């Protein structure tokens, strides 16, 4: 992807960050200044976003390393303000392989959430306000909740999201790949329209 900066390499896979990610950090800092937050609160909010996107990298590595297990190469992982993209040179043709590769990313977020669960507060399921992470427990609780949210959101059966790929893989056990793809893509369009309607 053009206009991306390489920030490292993990398991031989280049990790890139798109320039628009800097706009997200700038927006967070600007929002904190507008609400009169302290420097510590502003740094906590920025730090939280960076840690959350580290979880996104781990999510994408889940896909990439599972694909590597089946002999598929991931050219790069790119971070965007809306998430991450693992760019595979070739997608698995086997329904079983595609199913496991698609599930691997959300599974990583579930494992992170399980690891954080013993340390979360009683308000772990409240809507997190990353601008008011006043304690370490607030930080951990928000990270716990957002990892669960990432897992569940990505499992929505809307192609080309992970859930859509899971659906296509399951359908491919009974249908040819083209019909399975058309069904999953059609459901994805219906879900997108539903979200637009609900957001109006």
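Residue numbers (our numbering): 55 to 254.
Glycine included, C-beta positions come from ideal geometry on N, C-alpha and C.
Quick caveat: nothing in here was measured; it's all calculated off a predicted structure.
Inset, instruction - Starting from residue 63, follow the beta strand (DSSP E) in both directions and report where the run begins and ends. - result: 58–64
Inset, instruction - Look up residue 137 in the DSSP assignment and give the residues it is bridged to. - result: 134
Legend entry - As assigned by DSSP and simplified to three states, the class of residue 129: strand
Inset, instruction - Check residue 68 in the structure and name its three-state DSSP category. - result: strand
Inset, instruction - Compute the distance between the beta-carbons of residue 103 and residue 82, then report whether it is under 8 angstroms. - result: yes
Inset, instruction - Would you mind listing the alpha helix (DSSP H) stretches within the stretch 148–224 that are 4+ residues and don't spill past its ends, in chain order? - result: 149–170, 190–208
Legend entry - N- and C-terminal bounds of the alpha helix (DSSP H) containing residue 114: 93–123
Legend entry - Where residue 254 sits in the DSSP three-state scheme: With a pLDDT of 49 at residue 254, under the threshold of 50, the predicted position of this residue should be treated as unreliable, though the coordinate-derived value follows. Note: residue 254 maps to coil in three-state DSSP.
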